[in-house]
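Report on the following structure.
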Amino acid sequence: MSSYWLQRGLVAIAQIAAVVLFLVLWQQAADHKVIDVFFYSKPGDIWNQIRSWYDAGTLGGDIGATLVVLSVGYVVGVAAGVVIGVVTGAFQWVGELFDPFLVFFNAVPRLMVMPIFIVWFGFGYRPQIYLVVTVIVFQIAVNVQGGLREVKAELLQNARVMGASRLDLIRHVYVPSVAIWISATARVTVGFAFQATIAAEFVGASKGLGYQVVLGQGTQNVQAIFAAILIMVIVAVVIDAALAGVEHRATRWMPQAST
Amino acid sequence: MSGPGTTSVEGRPDSSQVEDLAAGRGAIAPDRSRSRWRTPWRIPRRRLAILSGQVALAIIVLGIWQYVGTSSQTEALVISTPWHVAQYLWDFASGSSEQGSWSDLRVTLQEAAGGCVLGVAVGIALAVLASSSRWLGLFASPFVAVVNALPKIALAPLFILIFGANYQSKVYFVAAAIFFLSFYNIYTGIRSIDTLYLRNTRILGANRRWLVREVYLPSIVGWVAISLRLSATYAIVCAVISEYLSANQGMGYVVYLAQGVNDPTVVIGGILIISFAALIIDRVIVRVQRHFTSWRLR
Chain A
1 MSSYWLQRGL VAIAQIAAVV LFLVLWQQAA DHKVIDVFFY SKPGDIWNQI RSWYDAGTLG
61 GDIGATLVVL SVGYVVGVAA GVVIGVVTGA FQWVGELFDP FLVFFNAVPR LMVMPIFIVW
121 FGFGYRPQIY LVVTVIVFQI AVNVQGGLRE VKAELLQNAR VMGASRLDLI RHVYVPSVAI
181 WISATARVTV GFAFQATIAA EFVGASKGLG YQVVLGQGTQ NVQAIFAAIL IMVIVAVVID
241 AALAGVEHRA TRWMPQAST
Chain B
1001 MSGPGTTSVE GRPDSSQVED LAAGRGAIAP DRSRSRWRTP WRIPRRRLAI LSGQVALAII
1061 VLGIWQYVGT SSQTEALVIS TPWHVAQYLW DFASGSSEQG SWSDLRVTLQ EAAGGCVLGV
1121 AVGIALAVLA SSSRWLGLFA SPFVAVVNAL PKIALAPLFI LIFGANYQSK VYFVAAAIFF
1181 LSFYNIYTGI RSIDTLYLRN TRILGANRRW LVREVYLPSI VGWVAISLRL SATYAIVCAV
1241 ISEYLSANQG MGYVVYLAQG VNDPTVVIGG ILIISFAALI IDRVIVRVQR HFTSWRLR
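Here it is, written out as structure tokens:
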């Protein structure tokens, strides 16, 4: 046990040292004109950029704008996906009817349809949220369909034998199985939603982290690009860690896959 | 008690027979034959109903779109009509369209293909390197996790700024995005190789070269094949989005220009063309994969 912690400690020290070394080398190389600051920036400039955003009070607004699009888009997308998935999963003929359309839209790379939404809805939150919804809704629908189909016939029959009504079945069998699918795939889905948020902010926004990246490109301000990407990574890692916790809680009762 | 060989004890029913009996199969033969009588008539009629329903649905949606699109001048400027989009697609295909041509599609697909090949190649190399030593894997894991959480799309402006608004910057950006994707897939793939195989092969006297040839290489090829389908579509998306940001050719540029002048026909038509190209490429990859994995047990 103690050798395990010793190992972990050594690795952690090596990791921190690597990060520090990388930052110092980057800064030194930029200071001594080995690399061009105009293209590659340097840690000090990136830090100053974040500071200046913070001092100007726009940092919170940009993070907030991105989070609004992400969370509203995710919630609406999940709700719409559940409705589509339940309707197509519960009624076989509806499922067969819509199947080729769902397959088509699921295979089309939807991350790039933002220009259509801009032409339709103009700029602002609305088209951005629609893009996030469009990107995730079909995945959710397919997952929910799968979740409904995976419900074991045995379980249903047992519940019926014990006198479960249709409502009981929905409450105690169907809803939990769909909820498990959604929470188990939440990390992947939110990852896609985050990509969609950034892609939407590239083309049709005047606020948000994605917009700051594009603005940095337009004004040839490379430290703004690095700074915005850095904040994005932090936001993404925090969200991912939170969802990992949720996923762990949601699937804790499941038998672990044997290895 | 249950080791290999015990199931073949004489007189003991085969396990599949037991299941058949338990499920009532085989016992009620007449029922089966009756259903065999019905199926040839029932299923096609149902298929036909579903198929005509699908066609009707498509016609209704397109009809409503056409009706709303022609109802007023403003609507035509916002949502266009299916007829106009079809006309644009026809013009594009025959090469007489002024907005976009086959060479634009070719440029976009070349950026995607070039980036995809480069990214996957570097991804394989680094994944093999990272999984070659346990220490390296431990060391790299938090960095890998952070990079995996990063939305790769966000890197597009950086590449455009560093390499310019040209063909190369797109290839490099696509390569970077695909690299992160394929590295993660292949790295986790290699790590998920069953240690049982490794130990068994070692017990059979395998040296390192053997292991690489017989265990690692086949599994890496499998993971590359699986990640290729994902990568191909993603590469096209990345190429198109970086063309939205800055370009002077390619389908993304065509769509971007049309969006700038509020031309919904070309925006919708252009995105449809890219989608069809992506769909065809996806189908081809699936076909090829099926061809090469048909020996596998499902």
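Read top to bottom, the protein sequences are chains A and B. This note's numbering numbers the first residue of the first sequence as 1 and each following residue consecutively. This note's numbering numbers the first residue of the second sequence as 1001 and each following residue consecutively. Glycine included, every Cβ here is placed at the ideal spot set by N, Cα and C. A quick note: this is a predicted structure, and the numbers were derived from the prediction, not measured.
Name, please, each residue of chain A whose Cβ falls closer than 7 Å to the Cβ of residue i.
i: PHE1139 of chain B; result: VAL11, ALA14, GLN15
i: PRO1264 of chain B; result: VAL119
i: GLY1053 of chain B; result: LEU97
i: THR1233 of chain B; result: PRO109
i: ILE1236 of chain B; result: PRO109
So which residues on chain B does residue i lean against when the C-beta distance must stay under 7 Å?
i: GLY216 of chain A; result: PRO1157
i: MET199 of chain A; result: In the sequence as displayed, the identity of residue 199 of chain A is Ala instead of Met. Chain B residues near ALA199 of chain A: ILE1153, ILE1241.
i: ILE225 of chain A; result: PRO1157, LEU1158, LEU1161
i: ALA107 of chain A; result: LEU1279, ASP1282
i: VAL113 of chain A; result: ILE1271
i: ILE116 of chain A; result: VAL1267, ILE1268, ILE1271
So, at 6 Å on beta carbons, what are the nonlocal neighbours of residue i in its own chain, with the 5 sequence-adjacent residues on each side left out?
i: VAL87 of chain A; result: VAL94
i: GLY1189 of chain B; result: TRP1223
i: LEU1077 of chain B; result: none
i: ARG1290 of chain B; result: none
i: LEU1118 of chain B; result: ALA1175
i: ALA250 of chain A; result: SER183
i: VAL329 of chain A; result: Nothing about residue 329 of chain A can be reported from this structure: the residues present for chain A run from 1 to 259 only.
Among the residues of its own chain, which have a CB less than 7 Å from the CB of residue i, if the five just before and after it don't count?
i: LEU169 of chain A; result: LEU156, ALA159
i: ILE1186 of chain B; result: GLY1123, ILE1124, ALA1127, ILE1220, TRP1223, VAL1224, SER1227
i: GLY1024 of chain B; result: Any reading at GLY1024 of chain B needs caution, since the residue's pLDDT is 43, under 50, leaving its predicted position unreliable; the model's value is listed next. Contacts found: none.
i: LEU1245 of chain B; result: ALA1156, PRO1157, ILE1160
i: GLN27 of chain A; result: LYS42, PRO43, GLY44
i: TYR4 of chain A; result: none
Count the other CB atoms, across all protein chains shown, that sit within 10 Å of the CB of residue i; report buried if there are 16 or more and exposed otherwise.
i: GLN92 of chain A; result: exposed
i: MET1251 of chain B; result: buried
i: ASP1104 of chain B; result: buried
i: MET162 of chain A; result: exposed
i: VAL1055 of chain B; result: exposed
i: VAL137 of chain A; result: buried
i: ASN1262 of chain B; result: exposed
i: ALA14 of chain A; result: exposed
i: ALA244 of chain A; result: exposed
i: GLU150 of chain A; result: exposed
i: ASP240 of chain A; result: buried
i: GLY9 of chain A; result: exposed
i: SER206 of chain A; result: exposed
i: PRO127 of chain A; result: buried
i: ALA1058 of chain B; result: exposed
i: ASN1200 of chain B; result: exposed
i: THR1074 of chain B; result: exposed
i: HIS1084 of chain B; result: buried
i: LYS33 of chain A; result: exposed
i: GLY1069 of chain B; result: buried
i: PHE1173 of chain B; result: buried
i: PHE1179 of chain B; result: buried
i: GLU1111 of chain B; result: buried
Against residue i, what residues of chain B qualify as contacts under a CB-to-CB distance less than 9 Å, listed in chain order?
i: PHE202 of chain A; result: ILE1153, ALA1154, ALA1156, PRO1157, ILE1241, TYR1244, LEU1245
i: TRP93 of chain A; result: ARG1046, ALA1049, ILE1050, GLY1053
i: ASP240 of chain A; result: ALA1145, ASN1148, ALA1149
Please compile the residues from chain B whose C-beta is within a distance smaller than 8 Å of the C-beta of residue i.
i: ILE84 of chain A; result: Ordered by position in chain B, no residue passes the 8 Å Cβ test against ILE84 of chain A, which lies about 14 Å from the chain.
What residues from chain A crowd round residue i, counting only those whose CB sits closer than 8 Å?
i: LEU1150 of chain B; result: ILE229, MET232, VAL233, ALA236
i: PRO1142 of chain B; result: GLN15
i: SER1275 of chain B; result: VAL108, PRO109
i: GLN1087 of chain B; result: The contacting residues do not exist; GLN1087 of chain B stays about 18 Å from chain A at best.
Can you name, in chain order, every residue of its own chain whose Cβ lies under 8 Å from the Cβ of residue i, other than the five neighbours on each side?
i: ALA1113 of chain B; result: ALA1235
i: ALA199 of chain A; result: LEU111, MET112, MET114, LEU131, GLY210
i: TYR74 of chain A; result: VAL132, ILE136, THR189, VAL190, ALA193
i: ILE1271 of chain B; result: VAL1255
i: HIS172 of chain A; result: ALA159, ALA164
i: PRO1004 of chain B; result: Low confidence applies here, because PRO1004 of chain B scores a pLDDT of 41, under 50, leaving its location unreliable and the question unanswered by this model.
i: LEU1198 of chain B; result: LEU1211, VAL1215
i: ILE1273 of chain B; result: LEU1089, PHE1092, GLY1100, LEU1105, MET1251
Name, please, each residue of chain A whose Cβ falls closer than 9 Å to the Cβ of residue i.
i: TYR1256 of chain B; result: PRO115, VAL203
Q | Sequence ranges, alpha helix (DSSP H) only - wholly within the segment 1076-1117 of chain B, length at least 4 | A | 1082-1094
Q | Segments assigned alpha helix (DSSP H), at least 4 residues, entirely inside the segment 1197-1256 of chain B | A | 1208-1211, 1217-1245
Q | Those runs of the alpha helix (DSSP H) which lie wholly inside the segment 117-191 of chain A and span at least 4 residues | A | 125-150, 153-161, 166-169, 175-184
Q: Could you tell me which uninterrupted alpha helix (DSSP H) segments, each at least 4 residues in length, are contained entirely in the segment 84-109 of chain A, listed from first to last along the chain?
A: 92-107
Q) Which parts of the segment 1132-1210 of chain B are runs of the beta strand (DSSP E), unbroken and 3 residues or longer, counting only runs that do not cross its ends? A) none
Q. Going along the chain, which unbroken runs of the alpha helix (DSSP H) with 4 or more residues stay wholly within the segment 221-255 of chain A?
A. 222-250
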